[in-house]
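Engineer:
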Amino acid sequence: MILAIWIKRSAFDRILAAAIHSNFVPGVYASQKEWKQAVATSLVRLQWDPDREPSGAKLERRAIQLGLRGEILSYYARDWIVHIEDISEFVRQQHQYVKSQDWEQLITPAESVYSVENPDLSERLGIK
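The opening residue of the sequence shown carries number 1 in UniProt numbering; numbering runs sequentially from there.
#1: May I ask you to report which of helix, strand or coil DSSP gives Leu43?
#2: Ignore the nearest five residues each way along the sequence and tell me which others in Gln105's own chain have a CB closer than 6 Å to its CB.
#3: Let's test the definition: count the other Cβ atoms within 10 Å of the Cβ of Val91 and tell me whether it reaches 16, buried, or not, exposed.
#4: Classify Arg62: buried if its beta carbon has 16 or more other beta carbons within 10 angstroms, exposed otherwise.
#5: In chain order, what residues of the same chain have a beta carbon less than 8 Å from the beta carbon of Pro54, not counting five sequence neighbours either side?
#6: Roughly how many angstroms separate the alpha carbons of Trp6 and Glu123, rounded to a whole number?
#7: Drop a sphere of 10 angstroms on the beta-carbon of Ser100, count the other beta-carbons inside from all chains shown, and report buried for 16 or more, exposed for fewer.
#8: Secondary structure at Glu85, three-state DSSP: helix, strand or coil?
#9: Let's test the definition: count the other Cβ atoms within 10 Å of the Cβ of Ala38 and tell me whether it reaches 16, buried, or not, exposed.
The following block contains the structure:
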């Protein structure tokens, strides 16, 4: 089953504010020790992955991956979800277009850069 999940923007901003990088980033953390302590107590892990075209080709930009646990995960599940939709059949259909390289039929979401309103947070997360 593949689900599309809508959450409140304020919730996503809160998730980002709690995020700690999954790897040490010099300049963000004073030392590896400080970073390890932050990771040990973090409720959100952040990782930047290569983003890709539907064909699988790498894009210049990166895609954010967030892992939630503890209290933040509880808030997410209990309070922050606005809508859930089962998109399994739609994704299966779209996958057939990818396999046959029928790019004209493929429906992809309109994407835009997410603007983080707090400049310090934006810099810490590496969002430009």
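Backbone N, C-alpha and C fix where the C-beta goes; we use that ideal spot for every residue, glycine too. Please read these numbers as outputs of a predicted model, since none were measured by experiment.
Structural biologist: A quick look at the data gives this:
#1: coil
#2: Tyr97
#3: exposed
#4: exposed
#5: Val98, Trp103, Leu106 and Thr108
#6: 25 Å
#7: exposed
#8: strand
#9: exposed
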